[in-house]
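Encoded as structure tokens, the structure appears first; notes follow it.
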Amino acid sequence: MGDILPAAVVPVAIEEAKAFLRIVDGSEDALIAGFIRAATGLAEAFTGQALIVRDVADTATTVVTWQRLKAAPCVAITGVDALGGATPGPAYESDIDLSGNGWVRIIDPRGATRVTVRYRAGLAADWNGVPEPLRLGIVRLVSHFHAHRDAADAGGPPAAVAALWRPWRRLRLG
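Going from the sequence shown to our numbering is simple: count from 1 and add 1328.
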């Protein structure tokens, strides 16, 4: 979730952010798009959730104990392949718990020491499904970035942003 986000998985349209900023022309579209991607990445890091469903791949060891997948909420586990493409692939079990955590364990590694787990994770199918407080927090953070883009020290983000995101925060232990 810490990578640069493609436009397909950002939960706020440029037009929505421009309306909030009261910008009518397209002269700052690229700048605003970058602010939206950055704010979305921070929202995902803060909440511990991918906001829009996308494909994810984790590398795991071939231990027989259950291993939790990194991205949440997990909506589907699509496959496990031996790292390096060894065939046949390892035998595995997978599960998604009620909290949206994805789990996998390797039953028979078939010679593999590490595997790639492919799955889909995200809170909503598209930006219309992302809860409004999360979207508003992103727009408010975009506004903060825009207003303070030339300041030597802009200070922290508005407290309202964290207040809007906090109900969706998933904390992980260990």
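Beta carbons: idealized from backbone N, C-alpha and C, even for Gly. Quantities reported herein were computed from a predicted structural model and do not represent experimental measurements.
Can you check whether the CB of residue j is closer than 9 Å to the CB of residue i?
i	j	result
Pro1416	Val1408	no
Trp1496	Pro1461	yes
Arg1448	Thr1387	no
Leu1464	Leu1492	yes
Gly1439	Ala1479	no
Ala1490	Phe1374	yes
Val1384	Trp1455	no
Arg1350	Thr1406	no
Leu1359	His1474	yes
Ile1364	Ala1347	no
Pro1459	His1472	no
Ile1342	Ala1366	no
Can you tell me where the alpha helix (DSSP H) holding residue i begins and where it ends?
i	result
Ala1347	1342-1349
Per DSSP, residue i is paired with what?
i	result
Asp1436	Ala1419
The stretch 1431-1441 contacting the stretch 1463-1475, beta-carbon criterion three pairs below 8 Å: no
Three CB pairs or more closer than 8 Å across the stretch 1394-1410 and the stretch 1368-1380: yes
Minimum length 3: unbroken beta strand (DSSP E) runs contained in the stretch 1370-1432: 1382-1389, 1402-1410, 1419-1424
The stretch 1422-1433 in contact with the stretch 1365-1375 per 3-pair CB rule at 8 Å: no
Unbroken stretches of the alpha helix (DSSP H), 4 residues or longer, contained in the stretch 1443-1495: 1460-1475, 1487-1493
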